[in-house]
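Here is the structure we will look at, set down as structure tokens.
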Amino acid sequence: MNLLALTIVFPLAGSLALSFFPRMADRAAATIGAGSVGLSALVSAWLIYTFVTGDGAAYTQTLWTWVSVGDFTPAFALYFDGLAATMLGVITGVGFLIHMFASWYMKHDLDGGPGMGRFFAYMNLFIVAMLLLVLGDNLFLLFLGWEGVGLCSYLLIGYYYRDEANAWAAFKAFLITRIGDVFLAIGLFLMFATFGTLDIQTLLEQAPQAWAEGDPMASVAALLLLGGAVGKSAQLPLQTWLPDAMAGPTPVSALIHAATMVTAGVYLIARMHVVFELAPAVLALVGVVGAVTLLLAGFAALCQTDIKRVLAYSTMSQIGYMFLALGVGAWDAAIFHLMIHAFFKALLFLASGSVIIACHHEQNILKMGGLRKSLPLDYAVFIIGGAALAALPLVTAGFYSKDEILWLSFANGHHVLWFAGLVGAFLTALYTFRMIFIAFHGEAQIKAHAGRGIAHHLPLIVLAVLSTFLGAWIHPPLADVLPVHEGGDHGTTKLVVEVLSAAVAIVGLGLAAALFLGRRQMADKLASGPLGRGLWQLWHNAWGFDTLYDRVFVRPYLLLTRLHRRDWINSTVNVAPQLALMLNSALVTTQSGRLRWYALSLFAGAALLLIALLFG
Amino acid sequence: MILCWLLFVPFIGGLLCWQLESRHAPAQAPRWIALLTMLLVVGLALWLWLTGDYSLAGGAVGDAPNWAHQIRLPWIDRFGISFHLALDGLSLIMIMLTGFLGVLAVVCSWREITNRIGFFHLNLLWIIGGVVGVFLAVDLFLFFFFWEMMLVPMYFLIALWGHSGSKGNTRIGAAIKFFIYTQASGLLMLVSILGLVFAHYSQTGTFTFDYMVLRETPLTGTIAYVLMLGFFIAFAVKLPVVPLHGWLPDAHAQAPTAGSVDLAGILLKTAAYGMLRFAIPLFPEASAQFAPVAMALGLIGIYYGALLAFSQTDVKRLIACSSISHMGFVLIGIYSGTLLALQGVIVQMVAHAFSAAGLFIISGQIYERIHTRDMRQMGGLFGRMGALPGFALVFVMASLGMPGTGNFIGEFLILFGAFDTVPWVVVAASGGLVMAAIYSLVLMHRVYWGTPKSEASLGGLDPREYSMMLLLLVLTLWLGLFPNTVLDISHTAMTEVTDWFAVAPLPSR
């Protein structure tokens, strides 16, 4: 039981060691960085094994009392149950594979330059924060992890700080997620004021007693939590930071912006599901946010040329699915998809990292082409990962998780959301295979050098295996944590819905093949028409949210600060000394030293006095 | 008696430093004397902490507070003025902080100050002495004496060893501005003190300046409100509260590093201390009545300071303006009057002292390397200064309230505590967290990120600089992870303040 803290201690020690000994050799830094997470993963595996084979009872490990003032007594305590076990497995397991891959990737990306230690110090710190987020037994500790992952995300997006654009991307990511964080913080204040505790399990017990279903305060609390979730998980309306976050090294995108951090919002809502069940309207809103985001992001992904941006929009879209699942009350389906998505999206990102290095830092898919011959491994894992993303039926893990979401949304009566999900499934297949066909088929335009070594191959192969139907055999032990909603009758309706979603994915694949395999004449024709060009512009810029926010928020803020630069209050106060100085200079001129002038003023003064006396 | 030592050690040390300058002593001698003096102060304070018990349960309202130590000597009997020093948990925390920042101020001037070393340290140590006096005095006359006394050496520090900034921002101007602002507001406090004393005299027929006696004076209505305002304005200038903040950016930016550290770290905190110790207990009802106004001012301060910080180009001015924003939280915390918020105020004050000191020292170290404080001429410094940017990152993150640092605990305890009584104020104040992120990250961005102007290393940290930074970093994180260390000391004192608030009939919210 005491081992739980060890999962955090190892990466923390790694991060500290790497921070305070920055001159460490690259190989040592990579070993410490990946090794510490590996140890953490081993401990996690043991914990999950004993949890699943044992009685499966949740437990708490209290490390110390963090703050105690009156009844405000959040502890530094870790809580382990089925949901935490699932997240722990994903974070340390996938996290370790990504760290391992990163030791290969960064060696080539840095090319002998400094910064290996710094990279792994941030990465390990991220693992620490992410584990605190999912293991924290109270919302205060969860918030520590929540902000901590934001910090690490900021540092890693801006890892190549010499490029101003990267630094601004990091800035944007931090700021937008912080806006969400503030909502979450206010939610915490509200929870504490209402319940007098921040302990998650106590809150979940007390919430139904304090609030009736539909209670306005429950809705407010749920809305505030949702505000935090949409920021971290890049959902509408706080989604604009994620594509820019691709400025970070590719393993960072795999770890933070695909597998773990961006799914924190899903975790939060699932963890606090009781509150959302008390606020049905907000829960419905969660589903709507997910549905709208998955569609918007799906269209945007269609019109990207940067391989990482395609994947970024697809991540946004897939998290939209998870939100949709939460919104229809399919809690376990959301977490299941979270886990499966972590496998295949990490795979796709790592594979794209491998491609990018192989193509000498080229990220534009239009400049790749024909890579299937020169990069057979990358091609194979891209096909596997892409198939899982597109949810091709039966053989991929993604099919099982996404299908469950679509079925449950249909079965629970949310037909509009289901339809949105279905359209999204079509889009997903289309943009995924567009990317694969453009990058790997057609004429070779670039001379690629395939990656070598176990640190490169092993993570790709393991994740590829997990992305097939084999991965779907892993069933998260969520029965005790989240309410299970059975979809009702399992008759022909379910079969029809499943076949429909499978068919949609295959049609998407077929359309992608028709458009982008071979000469691509049809695709070019579509894109060059006036409507096509307009849509390309709109979707390439992801519906223009960046421009909108720039006009509505950024520029007015800058204008305000520019007006304010002189500090008006201070300037007003400064008038007083200026007046005094003016008066002073006026009086100084009277002291001219000329006798006539003095005599005149003497007379004038006396005359004035006399007049005043006479007429006063 | 130990309180007297605590008070007089810095004064004596200062005199020694000054004398050693003119004699044929080695040039470094004043620095070592000053360092030893400050270490002695810290040692005394630590000894008081380790041997004392500050967790005594508070008595009923109106009981004598549980002074852990006190000393009382007659001074001017005719007017009931005595030399009365006393120490409880609140004063102890502030004194430990003062001593610690005093050490840092001495160490960070080791290279920066090269002329009139002895006289510099005289001023530095006398500021510390004055501040310690403010934190110990419980006779209002004595308090006022120290309150005014700490201004004078600060004035010299800015005027003689300061930097002259761009167009019109001269160090002399800044020093004069600082002096006039604080002096004028100090006069208001003097008037209020005298008013209070005379009010007490008219009721009882005896003159006294003793805090313990005066706070029993039943005062109501307008007179209490006006007297309270006198105190409040004096403290508001020092905190600073927004319309009265004009002196702060200039003074901070133009002062030498040690001066900025002392200003941000402890001089601002004397104001919050004054509110907690005097403005509220002496006039509980009027303060409760005034609380909504005070909190509104705090709110304005948060946003005003944050906006101002964002638009600065001088790195020290940016940090100075961020202090205005942070002190807005403190003001809200003090006047929300809940124990949680008040405890948050304590943590916030200590944490802000650490993070602001860290940032100011870093600015000083950057200045020593590239001889500018203009952020437009920086950029891309991250890889060129050894470990310095890493430390800067931690303090910047602390200043935007990253969990794990003391600043987070402070701000969030304030917000958690105040939410009970004034939820909308808290909601509005929370927006300040976003603004804090904006100006803090812009600081990081302009100074450290971007393309370096050159590849040449500017030199890493030497052991002196490194150990200062490391110490501050450890303390910042310690406060974030184990805030109970501080909260336990101040618990009783803060409970008393909430009791005072509870006595007062709260105005309808």
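Protein chains in written order, with this note's numbering: chain V, 128 to 743; chain U, 725 to 1233.
Quick reminder that beta carbons are idealized off the backbone N, C-alpha and C, glycines included.
Between U:Leu768 and U:Leu740 the beta-carbon gap is near 17 Å, outside 8 Å, which marks them as no contact. Taking the Cα positions, V:Gly598 is about 7 Å away from V:Val592. The continuous stretches of alpha helix (DSSP H) do not include V:Trp193, and DSSP gives it neither H nor E.
Distance from the CA of V:Phe310 to the CA of V:Met344, rounded to the nearest whole angstrom, comes to 15 Å.
Residues of the region 243 to 269 of chain V with a C-beta less than 7 Å from any C-beta of chain U: none at all. Residues of the region 1171 to 1182 of chain U with a Cβ closer than 9 Å to any Cβ of chain V, in chain order: Tyr1172, Trp1173, Gly1174, Thr1175, Pro1176.
Counting every other CB atom within 10 Å of its CB across the protein chains shown gives V:Met709 a total below 16, marking it as exposed. Shown here, V:His691 sits in a helix according to DSSP, grouped into three states. Between U:Ser1060 and U:Thr1145, the gap from beta carbon to beta carbon is short of 7 Å. In this chain, the beta strand (DSSP E) harbouring V:Ala204 covers 202 to 207.
Interface criterion not met: the Cβ of V:Ser280 is under 7 Å from no Cβ in chain U. Counting the other Cβ atoms within 10 Å of the Cβ of V:His583 gives 16 or more, which makes it buried. Using beta-carbon distances, V:Ile696 counts as an interface residue toward chain U, with a partner under 7 Å. V:Val679 counts as exposed, since fewer than 16 other C-beta atoms from the protein chains shown sit within 10 angstroms of its C-beta. Per DSSP, V:Thr619 has no beta bridge partner at all. In the three-state scheme derived from DSSP, where H, G and I count as helix and E and B as strand, V:His542 is classed as helix. If you draw a 10 Å sphere on the C-beta of V:Arg579, you find fewer than 16 other C-beta atoms in it, and that means exposed. Excluding residues up to 5 positions away in sequence, Thr559, Ile563 lie with their Cβ nearer than 6 Å to the Cβ of V:Gly513 in the same chain.
In summary, the residues of the region 1204 to 1229 of chain U whose CB is separated from some CB of chain V by less than 8 Å are Leu1205, Phe1206, Pro1207, Asn1208, Leu1211, His1215, in the order they occur in the chain. DSSP, read as helix, strand or coil, puts U:Trp971 in helix. Chain-order list of chain V residues neighbouring U:Ser1035: Thr688, Arg689, His691, Arg692, by C-beta distance under 7 Å. For U:Ala810, the enclosing beta strand (DSSP E) has its first and last residue at 805 to 811. The alpha-carbon of U:Ile990 is positioned some 37 Å away from that of U:Ala1180.
Nearest to U:Leu1064 by C-alpha distance, out of U:Ala1142, U:Leu884, U:Asp1212, is U:Ala1142.
Under a 10 Å Cβ-count criterion, V:Asp264 is classified as buried, with 16 or more other Cβ atoms of the shown protein chains found around its own Cβ. With contacts defined as CB atoms closer than 7 Å, U:Gly1022 and U:Leu1055 qualify as a contacting pair. Cβ atoms of U:Asn1131 and U:His1169 stay farther apart than 8 Å, at about 20 Å. Inter-residue distance for V:Leu453 and V:Ser346 is about 16 Å (C-alpha atoms, whole angstroms).
Using a 10 angstroms sphere on the CB of V:His542, the tally of other CB atoms stays under 16, which defines it as exposed.
Within chain U, the residues Val1151, Ser1154 have their CB atoms less than 7 Å from the CB of V:Ile313, given in chain order. V:Pro610 is classed as exposed because its beta carbon has fewer than 16 other beta carbons within 10 Å across all chains shown. Here DSSP, grouped into helix, strand and coil, assigns V:Asn491 to strand. Sequence-distant Cβ neighbours of V:His468 in its own chain, meaning closer than 6 Å and more than five residues away, are Gln445. Taking the beta carbon of U:Val937 as reference, no residue of chain V falls within 7 Å; the closest one sits roughly 31 Å away. Taking a contact to require three or more Cβ pairs closer than 8 Å, the region 272 to 290 of chain V and the region 318 to 332 of chain V do not qualify as touching.
Sequence-ordered contacts of the region 187 to 204 of chain V with chain U read Trp191, Thr192, Trp193, Val194, Ser195, Val196, Gly197, Phe199, Phe203 [C-beta pairs closer than 8 Å].
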